[in-house]
Amino acid sequence: MTLTETAPTDVGRDFIRDIIQGDLEAGRVAGVVTRFPPEPNGYLHIGHAKAISLNFGVAEEYRGRCHLRFDDTNPTREEQEFIDAIKRDVHWLGFDWGENLYYASDYFEQLYEWAEHLIRAGKAYVDDTPPDRMRSQRGTLTEPGQNSPDRYRSIDENLDLFRRMRAGEFPNGARVLRAKIDMASPNMNLRDPVLYRILHAEHPRTGNAWCIYPTYDYAHGQSDAIEGVTHSLCTLEFEDHRPLYDWLIENLPVPAHPHQYEFARLNIAYTVMSKRILTRLVSEGHVSGWDDPRMPTLAGVRRRGIPAAALREFVRRGGITKANSVTEFAAFEYSVRELLNRTAPRRMAVLHPLKLVIENWPEGTTETLEAVNNPEDPAAGTRAITFGRELYVERDDFMENPPKKFFRLAPGREVRLRYGYFVTCRDVIRNAAGEVVELRCTYDPATRGGNSPPDGRKVQATLHWVAAADAVPAEVRLYSHLFARPDPGAGGDIMADLNPDSLEVLRGCLLEPSLAGAPIGEAVQFERLGYFCADPDSAPGRPVFNRTVGLRDTWAKVQGRGG
Ligand code: ATP
Ligand code: MG
1 MTLTETAPTD VGRDFIRDII QGDLEAGRVA GVVTRFPPEP NGYLHIGHAK
51 AISLNFGVAE EYRGRCHLRF DDTNPTREEQ EFIDAIKRDV HWLGFDWGEN
101 LYYASDYFEQ LYEWAEHLIR AGKAYVDDTP PDRMRSQRGT LTEPGQNSPD
151 RYRSIDENLD LFRRMRAGEF PNGARVLRAK IDMASPNMNL RDPVLYRILH
201 AEHPRTGNAW CIYPTYDYAH GQSDAIEGVT HSLCTLEFED HRPLYDWLIE
251 NLPVPAHPHQ YEFARLNIAY TVMSKRILTR LVSEGHVSGW DDPRMPTLAG
301 VRRRGIPAAA LREFVRRGGI TKANSVTEFA AFEYSVRELL NRTAPRRMAV
351 LHPLKLVIEN WPEGTTETLE AVNNPEDPAA GTRAITFGRE LYVERDDFME
401 NPPKKFFRLA PGREVRLRYG YFVTCRDVIR NAAGEVVELR CTYDPATRGG
451 NSPPDGRKVQ ATLHWVAAAD AVPAEVRLYS HLFARPDPGA GGDIMADLNP
501 DSLEVLRGCL LEPSLAGAPI GEAVQFERLG YFCADPDSAP GRPVFNRTVG
551 LRDTWAKVQG RGG
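Residue numbering for the sequence shown follows this note's numbering, beginning at 1 and increasing consecutively.
Below is the structure:
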């Protein structure tokens, strides 16, 4: 499938920034405090990069502050590994919470006291209804729910039961604490939502101090209030939760009155932004881990060589709106290429080597030539490369019986070897199976540096190559979409939509020697092939490279242009 490049739209302002600006101008807030509130139950993904950039971005723009708050209210799914990874990834993306690192679990005691406050005010009750019955009593979008018999419990009984829940007297699921709001509300979230559930589970931070845990809805707004968050920014699926957010803030003696605003999630075609699905990809072994370069996680994107600045630019271009949409993968690649084209050093590497021997080159001698590091950036300078009698070129760059539009190597054809010389193919050598295994060529000494000869003779193709004398063997991993359809899961089982060809491993690739020590994760351009970076799996003398992204041009366009 060919995706068209999406032209960037410039987005400076959005409705969130308008709201903030208005609040500041009207004096409704003294300053801006936001937070990014991940649940530490998985690694961050590209969608989170949007929420991070928005929260930290507006705080920076309005000289406020942005908190990193772990929403660690469900100990059965949360782990220290995820806390550490989230911190690492936020820093990598280029944002810093400074002193403002918080955990919802820091507020467990306060949240508990406020729950007793609701009980004393007759606005919360302990419910013993079994979960499945509670679900059916909740009603539907068209029918009101039914009051639980426990709704009429006395305040004293509720207090006693809630304290015994905390003390660990009851097993998981035996009882919950619910807000007493309105079982007939058209908003399901106001039908006596659960505030606390019993979970006998060890928490990564509070250990075994608690066996009741607050729900997201109960913990979130109150945590915002405790921290003095002014604008609590979240994704659209929480829009229907806002009345509950406000109800709790209004009915509790909280120190501040934060407001929630919702924006559309970032979705990208051919991948998923759900931690539940990403967790399954890892635990079921469909990928090598959370940082597999095919994963849309920040750790995966980083390992793939995508610079944080490209990701920030991509989410900035997407803008902040209230309309859900799916972004084309090409728009992401556009931002990556655009940055790497400006910044990535150029190198030569051959992925499918075909030997090329220059018959009129003196045996046993090599020559040092100069190659430009980045034509987009003169300050990047040049480097020395070796030329010699035995070289390797890309197998695809030779055709024995070329069609009309093929301008690269063919019997009798002359081409330029970039930064090297013009060479002409004189003969081919085959193996027993009849496959071409070597090209016999001659070179023109008057074309040193790849320059046209005095007679003004032109060639129509410029090829990349490496010298047999010093090329370094490498493994190169090529990635394509993790899923085979743009809307994974839309047809049912999402795992059935995995792209079986998302990873292609090439062994026996050859690199120019300067690539042997390339820093892990820093993208370079392999000329004519794309952007690549060294993978942490590299060992001394055995580099492993990941393809970050292909070049904008297809092979067809490159060949016609002649380099
Ligand atoms: P799940 O994938 O299970 O829905 P989550 O991705 O929402 O989980 P959280 O840790 O709750 O995980 O997310 C932290 C914050 O990031 C929330 O404020 C959430 O709204 C925001 N966020 C999550 N996914 C996206 C997305 N695709 N685009 C923009 N923001 C997102
Ligand atoms: Mg969530």
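A virtual CB, placed ideally from N, CA and C, is assigned to each residue, including glycine.
- One thing to note: TYR334 has its Cβ no nearer than 8 Å to the Cβ of LEU356.
- The ligand ATP never approaches MET295 closely enough for any of its heavy atoms to be under 7 Å from the residue's Cβ.
- Restricted to the stretch 421 to 470, the beta strand (DSSP E) segments that are unbroken, complete and at least 3 residues in length are 422 to 430, 436 to 443 and 465 to 467, listed in chain order.
- Closest by C-alpha distance to VAL505, out of PRO540, ASN546 and LEU515, is ASN546.
- Separation of HIS286 and GLU363 (C-alpha to C-alpha, rounded to the nearest whole angstrom) is 50 Å.
- If you draw a straight line from the Cα of LEU409 to the Cα of MET399, it is about 6 Å long.
- Between the alpha carbons of ALA323 and GLU237 lies a gap of roughly 12 Å.
- Shown here for LEU281: same chain residues with a beta carbon closer than 6 Å to its own, the five before and five after excluded, namely VAL287 in chain order.
- For ALA299, the uninterrupted alpha helix (DSSP H) segment begins and ends at 298 to 303.
- Using a Cβ distance threshold of 8 Å, ASP128 and ASN187 do not count as a contacting pair.
- Ranking THR447, ALA59 and ASP84 by CA distance to the CA of ASP455 puts THR447 first.
- The DSSP-derived three-state label of ARG178 is strand.
- Taking the C-beta atoms as reference points, GLN222 is found nearer than 8 Å to VAL254.
- For CYS441, the closest of CYS234, ASN360 and CYS509 by C-alpha to C-alpha distance is ASN360.
- For MET273, the CB falls within less than 7 Å of some heavy atom of the ligand ATP.
- Per DSSP, ALA264 lies in no alpha helix (DSSP H) and is assigned neither H nor E.
- DSSP places ASP127 in no alpha helix (DSSP H) but in the uninterrupted beta strand (DSSP E) bounded by 124 to 127.
- With 16 or more other CB atoms across the displayed protein chains lying within 10 angstroms of its CB, VAL90 is buried.
- Residue side-chain check: GLU39 places its Cβ nearer than 7 Å to a non-hydrogen atom of the ligand ATP.
- Annotation: VAL466 to LEU511 spans about 7 Å, alpha carbon to alpha carbon.
- ASN74 counts as buried, since no fewer than 16 other beta carbons sit within 10 angstroms of its beta carbon.
- Under DSSP, the beta-bridge partners assigned to PHE526 are ARG347 and GLY530.
- According to the DSSP secondary-structure assignment, GLY550 is paired through a beta bridge with GLY530.
- For THR215, the CB contacts under 8 Å within the same chain, skipping 5 residues up- and downstream, are THR73, PRO193, VAL194, LEU195, TYR196 and ARG197 in chain order.
- Going by C-alpha positions, ASP487 is about 9 Å away from VAL326.
- Less than 8 Å separates the beta-carbon of PHE108 from that of THR206.
- Residue burial is scored here from C-beta neighbours: TYR102 has at least 16 other C-beta atoms within 10 angstroms and is therefore classed as buried.
- In the DSSP assignment, ARG317 falls within the unbroken alpha helix (DSSP H) covering 308 to 318.
- When rounded, the separation of the alpha-carbon atoms in GLU414 and CYS425 is 7 Å.
- Taking the Cβ atoms as the reference, ALA371 lies roughly 10 Å from THR386, outside the contact range of under 8 Å.
- Among the bridge pairs identified by DSSP, ILE212 is matched with ILE198.
- Within the model, the alpha-carbon separation for LEU351 versus HIS481 is close to 20 Å.
- For HIS481, the distance from the CB to the nearest heavy atom of the ligand ATP is not below 7 Å.
- Nearest to LEU478 by alpha-carbon distance, out of GLY530, LEU93, TRP92 and LEU339, is GLY530.
- Close CB contacts of GLU376 within its chain, under the 7 Å cut and outside five residues either way in sequence, are with ASN341 and ARG342 (chain order).
- Judged by DSSP secondary structure, PHE56 falls within the alpha helix (DSSP H) whose first and last residues are 46 to 61.
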